[in-house]
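Peer 1:
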């Protein structure tokens, strides 16, 4: 019976130590990574994506080359389509 009480006491001490350790780690994490300010929101910029008329590779519209017959991913594909 004496050993059972010692075991229960040891388990209670370990449980309390882990709970305290867990809460202190959570507080440290909150201090290092504060939540973002609600007044300042980041705006996401979107870019239109199109497909090359020759190979169907998708690329941003601002990187595409336009030709007489469509949009292309490279100068070689533009020449190929227009010849």
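Numbering (my numbering), first residue to last: 1 to 83.
From the three backbone atoms N, C-alpha and C, an ideal C-beta is built for every residue, glycine too.
Every value quoted in this text rests on a predicted model; they were computed, and no experiment measured them.
(1) Out of curiosity, what's the CA-to-CA distance linking residue 66 and residue 79?
(2) What does the Cβ neighbour count give for residue 77, buried or exposed, with the cut at 16 atoms within 10 Å?
(3) Are the beta-carbon atoms belonging to residue 70 and residue 53 less than 7 Å from one another?
(4) Can you say whether residue 3 is buried or exposed, counting buried as having 16 or more other CB atoms within 10 angstroms of its CB?
(5) Alpha carbon to alpha carbon, how far is residue 45 from residue 89? Give it in angstroms, no decimals.
(6) So, residue 47 versus residue 60, is the Cβ gap smaller than 7 Å?
(7) In angstroms with no decimal places, state the Cα-to-Cα distance between residue 16 and residue 32.
Peer 2: Reading from the atomic positions:
(1) 11 Å
(2) buried
(3) yes
(4) exposed
(5) No answer is possible for residue 89: it lies beyond the span of the chain, which begins at 1 and ends at 83.
(6) yes
(7) 25 Å
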